[in-house]
DNA sequence: TAAAATAGCGTACACTTGTAAGCTGAAAGT
DNA sequence: ACTTTCAGCTTACAAGTGTACGCTATTTTA
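Put into structure tokens, the structure is as follows:
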């Protein structure tokens with residue numbers, strides 16, 4: 001339990017404590033499962049916290065994550081096989097957050113307001129609040145790992161499908177056109193998000209305004225394309 | 001000049017040769033300057049060759065580049081202060097290639113053919129021929145180095161300016177609209193390029209066709225926006 | 001209450017990395 | 001013919017990496 005170690009010319013009295021111990025006075029002891037889950041969470045959070053603007057998944061080391069999570073490097077393996085497995089978990093979590101974003105946008109649209117404007121604003125709030133989450137998606141989208149790239153693409157695909165369906169339902173555009181429009185819009189919004197990531201509030205507003213106009217171009221253009229086609233029939 | 005070394009249980013007779021020596025029979029000796037430039041080239045080419053789909057600038061090591069270039073690790077410093085300085089050089093070279101692409105597209109457009117179609121086709125040929133160059137730009141655009149990101153952005157900005165000017169000249173759109181349109185188009189084309197990077201020829205064609213339609217949406221939408229505004233005046 | 005399972009730890013090892021220091025042979029300058 | 005310059009080399013070192021192995025204290029199971 002207790003141990004006396006000599007290091008760097010100093011004697012250290014070390015002893016183990018449960019990490020993440022509840023800070024209430026009455027420490028209700030955690031079950032093993034619960035404790036394990038907490039440590040897993042700690043690892044995941046630690047990893048996210050390391051993913052600032054100068055680090056990517058491929059550049060964070062297992063030891064670094066372990067350090068930030070407050071565990072020994074080798075303990076990492078009790079939770080993830082690889083650093084890559086952790087990476088995939090992070091991408092999944094990011095995807096989850098993205099889907100929550102979609103739901104939120106849908107709710108807001110239902111309660112009034114322009115579709116484009118509301119969606120873009122919601123998106124901008126998201127990347128402000130979940131800075132590192134969005135950065136992860138953005139970076140791994142063009143990153144060095146095939147698996148990560150595929151995982152991110154899958155999440156973006158959700159966006160496309162959802163937006164395509166919505167477009168068909170609300171405008172009656174034919175599938176092909178609606179799909180092209182949705183894809184273009186998602187790309188434009190993500191690009192704008194990338195620009196806005198490290199921007200100040202006023203810059204963000206400018207980016208948002210610009211992309212809203214661009215989305216309107218796309219929407220009008222798609223609408224126009226269909227009308228013209230119908231006329232020639 | 002000659003040296004006998006013992007390593008891994010084997011005696012090796014090593015001796016120095018000039019790398020990149022001309023392979024003609026009559027070896028015309030290179031001037032020092034020339035030789036240095038060649039080595040510099042070798043380093044740059046080596047770095048590009050390492051930038052396949054699984055490596056990014058931040059993940060290639062000085063030693064690795066040196067190895068691929070056939071020089072000693074420490075010799076690297078005779079040419080670049082840092083690995084970062086090499087990185088910036090690579091981005092610059094990539095930017096140069098991009099500008100050549102623009103020129104080529106302009107020439108082709110002048111000699112007939114649809115603007116959108118010709119541009120996209122030229123772009124697709126570019127990323128096929130200069131795979132790693134485009135990959136570099138794409139990756140560092142969202143990469144971990146502020147300096148690299150800025151450098152890439154500068155290059156993309158060239159595209160925007162050029163396309164904005166062209167649009168104003170050929171359609172007479174007001175600056176603001178033309179600029180928004182150009183920006184959207186560049187983003188869509190780059191996104192499509194990203195998709196096409198690792199795609200087969202037939203997939204590339206599909207991507208190209210899709211993005212062409214999307215660009216038309218944008219163009220028509222922008223046009224429409226102006227017409228409508230003029231009517232309300 | 002005794003036995004089994006396991007989350008977390010410390011130690012250890014073989015690698016890779018960036019870069020400092022100093023040498024050398026050939027080219028360039030005088 | 002000499003000195004100077006310098007591209008490239010070898011050697012060396014401290015720091016960081018992933019991970020194998022085995023121990024331990026505590027929870028879980030029997």
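Chains as they are written, first to last, in the working numbering: chain A, 1 to 233; chain B, 1 to 233. Think of the CB as a built atom: it goes at the ideal place given N, C-alpha and C, for glycine as much as any other residue. None of the values given here were measured: they were computed from a predicted structure.
With three or more beta-carbon pairs closer than 8 Å as the criterion, would you say the stretch 193-209 of chain B touches the stretch 124-134 of chain B?
yes
Determine the DSSP secondary structure at residue 23 of chain A, reduced to helix, strand or coil.
Model confidence at residue 23 of chain A stands at a pLDDT of 34, short of 50, so the residue's coordinates are unreliable; what they give is reported in the following sentence. Residue state, collapsed to three classes: coil.
Best match in B/210, B/207, B/218 and B/212 for proximity to residue 212 of chain A [C-alpha to C-alpha]
B/218
Count the other C-beta atoms from every protein chain shown that fall within 10 angstroms of the C-beta of residue 57 of chain B, then say buried if there are 16 or more, exposed otherwise.
buried
Taking beta-carbon pairs under 8 Å, can you tell me which members of the stretch 210-223 of chain B lie near chain A?
210, 213, 214, 216, 217, 218, 219, 220, 221 and 222
The stretch 103-112 of chain A in contact with the stretch 77-87 of chain A per 3-pair CB rule at 8 Å
no
Hey, how far is the Cα of residue 178 of chain A from the Cα of residue 230 of chain A?
15 Å
For residue 187 of chain B, which residues in chain A fall below 7 Å Cβ to Cβ?
187, 188 and 191
Put residue 254 of chain A into one of helix, strand or coil per three-state DSSP.
With chain A covering 1 to 233 only, the question about residue 254 of chain A has no answer from this structure.
Going by DSSP, what residue range makes up the alpha helix (DSSP H) through residue 171 of chain B?
146-171
Starting from the beta carbon of residue 144 of chain B, find every residue of chain A whose beta carbon is closer than 8 Å, and list them in chain order.
53, 54, 55, 56, 59 and 139
Report back the beta-carbon spacing between residue 216 of chain B and residue 221 of chain A to the nearest angstrom; my notes put them in contact at under 8 Å.
7 Å
Listed by chain order, chain B residues near residue 180 of chain A by CB distance under 8 Å
210, 213, 214 and 217
If you follow the alpha helix (DSSP H) that residue 81 of chain B is part of, which residue opens it and which one closes it?
It is not in any alpha helix (DSSP H) - residue 81 of chain B carries neither H nor E in the DSSP assignment.
From residue 81 of chain A to residue 95 of chain A, what distance separates their C-alpha atoms?
21 Å
Work out the CA separation of residue 102 of chain A and residue 138 of chain B for me, nearest whole Å.
27 Å
With DSSP as the reference, label residue 130 of chain A as helix, strand or coil.
coil
Neighbouring residues, chain B, relative to residue 225 of chain A (Cβ below 9 Å)
213, 216, 217 and 220
Please go through the same chain and pick out, in chain order, the residues whose beta-carbon is closer than 7 Å to the beta-carbon of residue 182 of chain A, but skip the five residues on each side of it.
160, 163, 164 and 167
Separation of residue 50 of chain A from residue 90 of chain A, as counted between CA atoms:
12 Å
Using a cut-off of 7 Å between C-beta atoms, extract the partners of residue 184 of chain A located in chain B.
188, 214 and 217
Alpha carbon to alpha carbon, what distance is there between residue 71 of chain B and residue 15 of chain B?
Legend: pLDDT at residue 15 of chain B = 46, less than 50; position of this residue unreliable, value from coordinates given subsequently. Rounded to the nearest angstrom, the two C-alpha atoms are 14 Å apart.
For residue 225 of chain A, which residues of its own chain have a beta-carbon under 7 Å away from its beta-carbon, when the five flanking residues on both sides are left out?
177
Using 8 Å as the limit for Cβ to Cβ distance, is residue 147 of chain A near chain B?
no
Between residue 27 of chain A and chain B, is the shortest Cβ-Cβ distance under 8 Å, so that the two count as touching?
Confidence is the limiting factor: at residue 27 of chain A the pLDDT is only 44, short of 50, which leaves the residue's position unreliable and the question unanswerable from this model.
Name, please, each residue of chain A whose Cβ falls closer than 9 Å to the Cβ of residue 194 of chain B.
141 and 142
Under the three-state DSSP convention, the category residue 122 of chain B falls into
helix
Helix, strand or coil: which one does DSSP assign to residue 174 of chain A?
coil
I think residue 208 of chain A touches residue 120 of chain A, with their Cβ atoms under 8 Å apart; what is that distance to the nearest whole Å?
5 Å
Same chain, Cβ closer than 6 Å to residue 105 of chain B, neighbours up to 5 away in sequence not counted:
119 and 122
Looking at the unbroken alpha helix (DSSP H) that takes in residue 54 of chain A, where does it start and where does it end?
Looking at the DSSP string, residue 54 of chain A is not in any alpha helix (DSSP H), and its letter there is neither H nor E.
Using the beta-carbon count (16 or more within 10 Å), is residue 169 of chain A buried or exposed?
exposed
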